[in-house]
Each structure stands twice: as C-alpha cells, then as structure tokens.
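Peer 1: Residue numbers (the working numbering): 582 to 843.
Note that CB positions come from ideal geometry on N, CA and C, so glycine has one too.
Below is a structure I'd like to ask you about.
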C-alpha cells in the first residue's frame, strides 16, 4: 500500500469508527437487549447494530477489501483478499451490558498478515486510540508512548493476580499492582499509552480481539506477542492466538522468560 492509500484508508477508518462509537454510546446510555450466542458468550443488539454500520460504511468505499468480524459468519472469502478489515464491534460486551465503561470498538486494516491501520475507541470515556504503520500512535490526537519501565518491581500489570499466585510468580514481581478490564483491546491500548506496563492473557483470543491494538502498541514502542514471545499473524486459516502478551519494551523479555519458564 502506498502512503497516499494508507492515509486515505486510515482517515476512512477513523471516521467510520467514530460513527460506530456514537451508536455504541447511545445503547450504553439507554440499554440494549442481549442474549447468548453460546454458553457464557453474550451478544447484544448494540454489537449487531455497530457491526452492520461498520460493514455498510467500509464496504461502500472499499468493496474489494476482505472482512472478518466477531459478529459475521466467516465464509472463508477473506483468505483471498490481500487487505482485510478485522472488526470487533464491541470488545468487552460483558462490561458494556453492566454499564461499566470498559469496552471498545476495535477495527484494524490488515495487509499481508499484519495490521497497517487500527483504531480502538472507548466512546463511554471518549478515548480514541489510533495508529497507522510507520506513523506513530495517538490518543485523542496526541502522541503516546509505552512506559520505560525495565523491571517487574512496582509494575502496573493488567493481569490476573490469582494466576500469578497460583504459579508462584508474585515474589518475582515485588510491589506490582494488578488490575483487570473486560476488554482485551482496551487493556492493550492502556499499555500503549503508558498507563500500564503490561497486559497478559493466557486464554485464546481471536484476530478481532487484538489486531487493532497490536498496531497501536507497536507504533507506541511496545511489543505484542504470544506469552512465549512469538509474533502474531492475522488472516490465517485459523484466526486465533493461544495467548497474548502486550508489554513495554523493558518488561516484555522479562515476562516472556517468566511465563515460558512456568
């Protein structure tokens, strides 16, 4: 993709995600009907409405791009496209339904397996994270950078403290603070902005959960890999990842060593 094309795509993505965020915010304030797609896997009318808005608007301008979304059945045609929109209409649906402002509209444009444009927008808090490849990362228009922490002592971790206790890792993270937010994309964006030093999840995640935040992290100087340090590739036949580690550059290798040793 040339620079002009990248700029046009990123501008389009930001515009459409802002519109989608307004739809999500209205449902967040007024309430939304919900049901379970599968056991313990909620979805709401807001997820569907945001998904349809994104699809209609993006396809109207880029009809030849591929599409992968949590709320659209995957027919496999995405594998034939070099460029593909990867969409989570509302990442953090549980928080959304509980009226907790810890959710985000997360959309990436992926080219040849890697994100080249991405937006993570929390409309409840008006936090608009975005980046395009080679252009740095921003929050509400201002540049952001990951933290410069180089030790787990006193680190701010978005991770399950119980998991660290169960694996006897707490003594290796003296004074670390543990927190949790329902949306993995939002957690990763918080690492990109330096509010937290790392976000760790040991459960499988799909492309739509992490693609946009992966780019924002990378452009902010952080690293996004599996917990054993392997890079993430997108639009593969199986669009899932065994785990996710998003971390500031100084703590990423320390966490990989700790997690792989376990």
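Could you give the first and the last residue of the continuous beta strand (DSSP E) run that contains residue 719?
Peer 2: From DSSP, the beta strand (DSSP E) with residue 719 extends over 718-720.
Peer 1: Would you check if the stretch 597-611 and the stretch 629-637 touch, i.e. whether three or more CB-CB distances between them fall below 8 angstroms?
Peer 2: Yes, the stretch 629-637 touches the stretch 597-611.
Peer 1: Within 10 angstroms of the Cβ of residue 713, are there 16 or more other Cβ atoms? Answer buried if so, exposed if not.
Peer 2: It counts as buried.
Peer 1: So, at 6 angstroms on beta carbons, what are the nonlocal neighbours of residue 699 in its own chain, with the 5 sequence-adjacent residues on each side left out?
Peer 2: Hits under 6 angstroms: 689, 712, 793, 796, 797.
Peer 1: Using three-state DSSP, classify residue 703 as helix, strand or coil.
Peer 2: Of the three classes helix, strand and coil, the one that applies to residue 703 here is strand, per DSSP.
Peer 1: Report the residue from 652, 740, 642 whose alpha carbon sits nearest the alpha carbon of residue 590.
Peer 2: Of the candidates 652, 740, 642, the one whose C-alpha sits nearest the C-alpha of residue 590 is 642.
Peer 1: Tell me whether residue 847 sits in a helix, a strand or coil according to DSSP, three-state version.
Peer 2: Only positions 582 to 843 of the chain appear in this structure, which leaves residue 847 out of reach.
Peer 1: Alpha carbon to alpha carbon, how far is residue 833 from residue 839?
Peer 2: Approximately 10 angstroms between the Cα atoms of the pair.
Peer 1: What would DSSP say about residue 848, mapped onto helix, strand or coil?
Peer 2: Nothing can be reported for residue 848, as the shown portion of the chain is limited to 582 through 843.
Peer 1: Per DSSP, what kind of secondary structure is residue 725 in: helix, strand or coil?
Peer 2: Correct three-state label for residue 725: coil.
Peer 1: May I have the straight-line CA-CA distance separating residue 582 from residue 653, to the nearest angstrom?
Peer 2: Here residue 582 scores only 48 on pLDDT, less than 50, and its place in the model is too uncertain to base an answer on.
Peer 1: DSSP state of residue 764, grouped into three classes?
Peer 2: Correct three-state label for residue 764: coil.
Peer 1: Is the separation between the beta-carbon of residue 707 and that of residue 687 shorter than 8 angstroms?
Peer 2: Not closer than 8 angstroms, so no.
Peer 1: Are the CB atoms of residue 783 and residue 824 within a distance shorter than 8 angstroms?
Peer 2: Yes; because the gap between Cβ atoms is below 8 angstroms, this pair is in contact.
Peer 1: Helix, strand or coil for residue 652? Go by DSSP, reduced to three states.
Peer 2: If DSSP states are grouped into helix, strand and coil, residue 652 belongs with coil.
Peer 1: May I ask which residues mark the beginning and end of the alpha helix (DSSP H) holding residue 825?
Peer 2: First-last for residue 825: 825-828, but that is the beta strand (DSSP E), not the alpha helix (DSSP H).
Peer 1: Quick one: what does DSSP say residue 602 is sitting in, helix, strand or coil?
Peer 2: DSSP places residue 602 in helix when its eight states are reduced to three.
Peer 1: Secondary structure at residue 645, three-state DSSP: helix, strand or coil?
Peer 2: Coil at residue 645, not helix or strand.
Peer 1: Is the number of C-beta pairs between the stretch 801-816 and the stretch 749-766 that are closer than 8 angstroms three or more?
Peer 2: With a cut-off of 8 angstroms, the stretch 749-766 and the stretch 801-816 do not count as touching, because too few Cβ pairs lie within range.
Peer 1: Roughly how far, in whole angstroms, is the beta-carbon of residue 710 from the beta-carbon of residue 773, given that I think they are within contact range, below 8 angstroms?
Peer 2: Confirmed, about 7 angstroms.
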